[in-house]
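Residue 412 in the working numbering sits at position 388 of the sequence shown; the count goes up by one each step and never skips. Presented below is the structure to which this report refers.
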Amino acid sequence: MELQRSRSISLTLILATWLLLMATSIGPAECIRRKRQYPGADESRKGEVSTFKYTAANCRAHTASLADFGGVGDGATSNTAAFRAAVSHLSQFSSSGGGMLFVPAGRWLTGPFNLTSSFTLFLDRDAVILATQDTSEWPIIEPLPSYGRGRDGPGGRYSSLIGGSNLTDVIITGNNGTIDGQGEFWWSKFHGNKLKYTRGYLIELMHSNQIFISNLTLLNSPAWNIHPVYSSNIVVSGITILAPVHSPNTDGINPDSCSNVRIEDCYIVSGDDCVAIKSGWDEYGISYGMPSQHIIIRRLTCISPTSAVIALGSEMSGGIQDVRAEDITAIDSESGVRIKTAVGRGAYVKDIYVRRMNLNTMKWVFWMTGNYKSHPDDKYDPSAIPVVDGISYSEVVAYNVTMAARLEGIPNAPFTGICISNVTVEFVKPSKLPWYCTDVKGVSSGVTPAACAPLLDEGAGAAPCPFPSDTLPMDAVEFQQCTYMKSNDA
Ligand SMILES: *[C@@H]1O[C@H](CO)[C@@H](O)[C@H](O)[C@H]1NC(C)=O
Ligand SMILES: *[C@@H]1O[C@H](CO)[C@@H](O)[C@H](O)[C@H]1NC(C)=O
Ligand SMILES: *[C@@H]1O[C@H](CO)[C@@H](O)[C@H](O)[C@H]1NC(C)=O
Ligand SMILES: *[C@@H]1O[C@H](CO)[C@@H](O)[C@H](O)[C@H]1NC(C)=O
Ligand SMILES: *[C@@H]1O[C@H](CO)[C@@H](O)[C@H](O)[C@H]1NC(C)=O
Ligand SMILES: *[C@@H]1O[C@H](CO)[C@@H](O)[C@H](O)[C@H]1NC(C)=O
């Protein structure tokens, strides 16, 4: 097997070299045009050595450029085989210093491909990975076990553009290079009910440990953008995510049954929740039983007119606990940190701490929903009642708001331990009913206008709502300076 594989790699390389030689032997006019259009392809040409510094959790001993594998960055040629061959080649270094795939300037059209362990995918500044719209290039994969079906419909789902399973130490980073999902094609098919399978995500890493995604721009994902699932020890940092505000399900960052997550310095404009923490859906999530926990979110800026800045749920059937969000800015979004759950979900949402939110133009500052109407099928257990307890919000300033709060727990199973302190809400126009609360219990202090009666007012002098002062394992993760040296070991 091994021998066969390396033989086919050498064949690919010989072919690539031959193509390169052919290209250079074409008339000079042709050559000059190629150079002008795709300068990056020349930078990384065999024989030339390029070096630069970048920051990452881990550096790699072996490097290769996509251009070495026959990649063509013209925005039209499929590079699926080149990406797959490059990752396959670099996977041989997983236990000997790791490998890095450099994606040079250019527009690299591709179908889905998977990453490997001890691996870095680096996108140079003017590199754009473009998701192909040729559906035959998108493999159909099994639904997630904790969901039981695809999110868009029963059955399987299209693979994610960049995927990987059972990996350790994966880095996707760059000099603010771009991954463009070209989602318009998928959104219109989705709206027209013309898709047989659930849309793919832009990045999905499953059953993986040590995932670092940083310094990139993600555009127009077919659906969710970043989806780590059944994974732990994750940093998402310095990511810009852009999608039209009415595009369907273009959630930004969705940690799903994940532990030890740090999301920071991200700017997200999307058609769905900017960040959504999840852990499986009804009976499938309950039986999988894997929570999302120990999650830090800081310095997030969000624009999401029809959705939440941070959503907890609605799929939370493995449980969600210990989420710490701070320094959150939102403009023109529907709600701040929203809890979404329903009878049938089971599990819990507990120990959620939020402080320092600055919000401008919101429908609801606080929103909790105990009857979120979405189930995978009708087999959910009506006695699986989710517990929502220990939810703290403090230091919130919100302007141009329609309603301060809409807090709806579950009848006979109220949401408890809600604490809201030091909050100022200013309205678009005077509101007759600024707070609407049912089936919730807790306390409030220093809230203007005063909170609803079930949140007992402890007076402006009361202690603020809690925010943990201990540090989490992900706080300690540091990044190092690495040097990229384009070697010709590829
Ligand atoms: C992102 O890039 C900035 C410089 O542009 C750098 O300071 C930072 O460490 C990088 N972040 C990561 C996680 O690599
Ligand atoms: C990527 O990995 C997933 C999960 O292991 C697998 O189902 C899929 O077929 C792989 N895709 C490719 C293109 O190899
Ligand atoms: C990946 O890990 C999961 C969870 O440990 C396991 O169930 C699955 O079989 C593994 N898949 C592969 C391809 O090793
Ligand atoms: C990265 O690119 C996006 C899109 O062009 C831009 O909005 C953002 O400011 C850039 N980020 C950095 C750190 O340069
Ligand atoms: C109340 O919140 C404001 C900002 O939202 C902050 O400046 C102030 O220090 C807070 N007061 C207390 C007592 O925490
Ligand atoms: C205030 O919110 C309304 C929507 O409720 C919006 O139309 C208006 O532009 C906002 N005004 C400002 C100053 O942001």
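By construction, the Cβ of each residue, glycine as well, lies at the ideal position given by its N, Cα and C atoms.
Contact check, residue i vs residue j, beta carbons under 7 Å
i, j, result
"S256", "N278", "no"
"A349", "I327", "no"
"E228", "S160", "no"
"T448", "V421", "yes"
"N244", "G216", "no"
"L114", "G121", "no"
"D306", "P178", "no"
"V293", "L336", "no"
"G342", "G309", "yes"
"F93", "A110", "yes"
"K302", "D280", "yes"
"S170", "H231", "no"
"A437", "I415", "no"
"R323", "D351", "yes"
"Q234", "T192", "yes"
"P478", "V464", "yes"
"T325", "Y291", "yes"
"S112", "S142", "no"
"F491", "A429", "no"
"S338", "Y396", "yes"
"G360", "M381", "yes"
"R131", "G97", "yes"
"A155", "A129", "no"
"G224", "P252", "no"
"V373", "I363", "yes"
Ligand 8 heavy atom lying under 6 Å from the CB of residue i
i, result
"G262", "Only ligand 1, ligand 2, ligand 3, ligand 4, ligand 5 and ligand 6 can be found as ligands here, which leaves ligand 8 out of the picture."
Residue i to residue j span [Cα, whole Å]
i, j, result
"S455", "S445", "20 Å"
"I186", "S89", "17 Å"
"F153", "H318", "Note on identity: in this sequence residue 153 is Ile, with Phe being the wrong assignment. Cα-Cα distance, rounded: 32 Å."
"R181", "V411", "31 Å"
"Y460", "E432", "8 Å"
"S469", "A300", "28 Å"
"P272", "G99", "25 Å"
"L518", "P329", "Because residue 518 is not part of the residues shown, which for the chain are 25 to 514, the question remains open."
"R286", "F503", "13 Å"
"D375", "T440", "11 Å"
"S30", "A81", "Bear in mind that the predicted position of S30 carries a pLDDT of just 41, short of 50, making it unreliable; the figure below should be weighed with that in mind. Roughly 29 Å separates the two Cα atoms."
"T202", "D148", "9 Å"
"Q157", "P163", "13 Å"
"M340", "T75", "45 Å"
"S493", "Y377", "11 Å"
"R369", "V425", "30 Å"
"Y404", "T87", "49 Å"
"G483", "D356", "31 Å"
"G313", "G95", "42 Å"
"K218", "F209", "11 Å"
"F214", "H270", "13 Å"
"F137", "K510", "22 Å"
"A475", "D481", "7 Å"
"A106", "G172", "33 Å"
"K220", "W388", "36 Å"
"F146", "L496", "28 Å"
"S398", "W248", "17 Å"
"S462", "F451", "The residue you asked about is not Ser; residue 462 is Thr in the sequence shown. Between T462 and F451, the C-alpha separation is close to 22 Å."
"T507", "A500", "23 Å"
"P435", "T365", "13 Å"
"I344", "G485", "31 Å"
"I258", "M498", "8 Å"
Cβ distance (whole Å) where residue i is taken to contact residue j below 8 Å
i, j, result
"S261", "S238", "4 Å"
"P315", "V367", "Rounded, the Cβ-Cβ distance is 19 Å, inconsistent with contact."
"E358", "M386", "7 Å"
"I195", "T144", "4 Å"
"T79", "Q505", "6 Å"
Complete runs of the alpha helix (DSSP H) confined to the segment 268–340 [at least 4 residues]: 306–312
Going along the chain, which residues put their C-beta within less than 6 Å of some heavy atom in ligand 2? If you measure from each CB to the nearest heavy atom of ligand 2, the residues under 6 Å come out as P136, F137, N138, P163, I165, S183, G187 and S189.
Completely contained beta strand (DSSP E) runs for the segment 105–166, where each covers 3 or more residues: 123–127, 130–134, 143–147 and 151–155
Please write down, chain order preserved, every residue whose beta carbon lies under 7 Å from a heavy atom of ligand 6. Counting every residue whose Cβ lies closer than 7 Å to a heavy atom of ligand 6, we get N384, T385, N424, T426 and V452.
For ligand 5, residues whose Cβ lies under 6 Å from any non-hydrogen atom: Counting every residue whose Cβ lies closer than 6 Å to a heavy atom of ligand 5, we get E419, V421, N446 and P488.
As an exercise, report each continuous beta strand (DSSP E) stretch of at least 3 residues that is fully enclosed by the segment 474–514, in chain order. 479–481 and 504–509
Within the segment 370–450, note down every full alpha helix (DSSP H) run reaching 4 residues or more, in order along the chain. Given a length threshold of 4 residues, the segment 370–450 has no whole run of the alpha helix (DSSP H) inside it.
I'd like the ranges of any beta strand (DSSP E) spanning at least 3 consecutive residues and lying wholly in the segment 178–230. Within the segment 178–230, the complete beta strand (DSSP E) segments of 3 residues or longer fall at 186–189, 192–198, 201–204 and 227–230, listed in chain order.
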